[in-house]
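Trainee:
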Amino acid sequence: MGRLVPAVTRALDILELFLDGDGTLSAPDIVRRLQLPRTTVHELVTTLAARKYIVPVAGQPGRYRLGVRPYQLGARYAEHLDLAAEGQQVARSVAETCDETVHVAILEDTDVIYIAKVDSTHAVRMVSAAGRRLPAHCTSVGKMLLASLPEHELTARLPDDAELIAMTPNSITDPAALRETLAEIRARGVAVESRESNPDVSCVAAPVRDRTGQVVAALSISVPMIRWTDERVGELEQLAAKGAAELSERLGHRSVA
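Mapping to my numbering: the sequence shown position 221 is 855, numbers consecutive.
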């Protein structure tokens, strides 16, 4: 790795400060927060303003906000963003950590479609494929995505008299019971599915958000029952949440601490 250029690093540090608070800063704010010399900050602010990375705030002398240039760069990045490709990369990283099968899926009506998948290296593993479609209510990714829908949209897709098919004896087929499960998932932020789509496999899933904060996909880890233990579930939930957060960040989402 080459040497980092201090001036460039400091300029980027200044730009990243605008992500916090109300999005406006003065030179003294920057000096205080970055502990940089006033002369250095003045030169960097002048340069960033000249290149339209920051602009003066109307009616607030000495204060700046982000300019049009960061937006243009972000828009160009978004043009080339591919959820499936980004999901495949993150899924590979998660799979390398736990050596289990990892999926990324999206919701279509009342089904999930798997758009990325990385297999476990174990001889015993879940058999599936990217592009496969399954009933959302039978999968951890599907329940995570259903739980993320606004109430009116969830009702439109799954009315009280909806017929829910069973893939295994453990599948939820009662809409009222499904709604209770979705409420629990909504509260916990992760979904767990125990042999509901495959009698030999259980899964955990976490939500993937785009730059607006909307849930657009879910990432799951699928584990054969021979390797599924109560002690391991918490670890898998944390790993799925971490992977989903990384994919969300790649999509432009910024979590609020």
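Just so you know, even glycine gets a beta-carbon here, dropped at the ideal spot from N, CA and C.
Being a predicted model, the structure only gives us computed values, none of them experimental.
Alpha carbon to alpha carbon, how far is Q722 from G657?
Mentor: Computed Cα separation, rounded: 33 Å.
Trainee: Please state the DSSP three-state secondary structure of D647.
Mentor: If DSSP states are grouped into helix, strand and coil, D647 belongs with the helices.
Trainee: In chain order, what residues of the same chain lie with their CB nearer than 6 Å to the CB of R766, ignoring the 5 residues before and after it?
Mentor: Closer than 6 Å at Cβ, skipping near neighbours: Y748.
Trainee: Along the alpha helix (DSSP H) that carries A878, what are the first and last residues, could you check?
Mentor: 864-884 is the extent of the alpha helix (DSSP H) around A878.
Trainee: For V736, which of M859, I855, R866 has the nearest alpha-carbon?
Mentor: The residue with the shortest Cα to Cα distance from V736 is I855.
Trainee: Give the DSSP bridge partners of A725, in chain order.
Mentor: Note: A725 sits in no beta bridge, so no partner.
Trainee: In terms of residues, what are the limits of the alpha helix (DSSP H) holding K777?
Mentor: Looking at the DSSP string, the run of the alpha helix (DSSP H) that includes K777 is 774-781.
Trainee: Opposite K751 in the DSSP bridges: which residues?
Mentor: Its beta-bridge partners are H737.
Trainee: Pull up the DSSP beta-bridge partners for A718, would you.
Mentor: Per DSSP, none; premise fails for A718.
Trainee: Specify the secondary structure class of I819 as computed by DSSP and reduced to three states.
Mentor: Reduced to three states, the DSSP call for I819 is helix.
Trainee: Taking DSSP as the reference, what is the three-state secondary structure of T744?
Mentor: Coil at T744, not helix or strand.
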